[in-house]
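Numbering (this note's numbering), first residue to last: 13 to 135.
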């Protein structure tokens, strides 16, 4: 019997919530890729004055992890980089870690993550 592909189901669960938040902040959030390994998203500015993209990423982090006010203030935590075409790249890790009988203490499992590109605002 084939293994159940849980990653696409998890990502799909959060997608609508993140799209609504993106819209509130002036972006259109679209899915790009298969969702087999990670979830590739593109946030496109949809208004002339969207909220800063780091704030958008922090809101996504809250939706995904519940960190709220504890969201990371520095873009480097989200593995921030600038990609070709001026895209701003962020990664949000969803650690599903836990306690494993063969290991001592808590073990993080960085298998699930979102790879988000924010396209630059053209003036």
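Using N, Cα and C, we set each Cβ at its ideal position, and we do this for glycine too.
On a predicted model such as this, the values are computed, not experimentally measured, just so you know.
Contact under 9 Å by Cβ, residue i with residue j
| i | j | result |
| --- | --- | --- |
| residue 58 | residue 38 | yes |
For residue i, the nearest candidate out of the options (CA to CA)
| i | options | result |
| --- | --- | --- |
| residue 49 | 106, 130 and 132 | 106 |
| residue 129 | 13, 18 and 91 | 91 |
| residue 41 | 19, 61 and 72 | 72 |
| residue 98 | 132, 125 and 55 | 132 |
| residue 32 | 44, 13 and 55 | 55 |
Residue range of the beta strand (DSSP E) that includes residue i
| i | result |
| --- | --- |
| residue 28 | No beta strand (DSSP E) holds residue 28; the alpha helix (DSSP H) holding it covers 18-36. |
| residue 46 | Premise fails: residue 46 is in no beta strand (DSSP E) and is neither H nor E. |
| residue 134 | Taken as a continuous stretch (DSSP letters only), residue 134 belongs to no beta strand (DSSP E), as it is neither H nor E. |
| residue 130 | 124-130 |
Segment limits, alpha helix (DSSP H) that includes residue i
| i | result |
| --- | --- |
| residue 50 | Per DSSP, residue 50 belongs to no alpha helix (DSSP H) and is neither H nor E. |
Reduced DSSP category for residue i - H, G, I as helix; E, B as strand; rest coil
| i | result |
| --- | --- |
| residue 87 | helix |
| residue 96 | helix |
| residue 66 | helix |
Check your understanding: Taking three-plus beta-carbon pairs below 8 Å as touching, is the stretch 58-67 in contact with the stretch 21-32?
Key -> Contact between the stretch 58-67 and the stretch 21-32 is absent, because fewer than three Cβ pairs lie under 8 Å.
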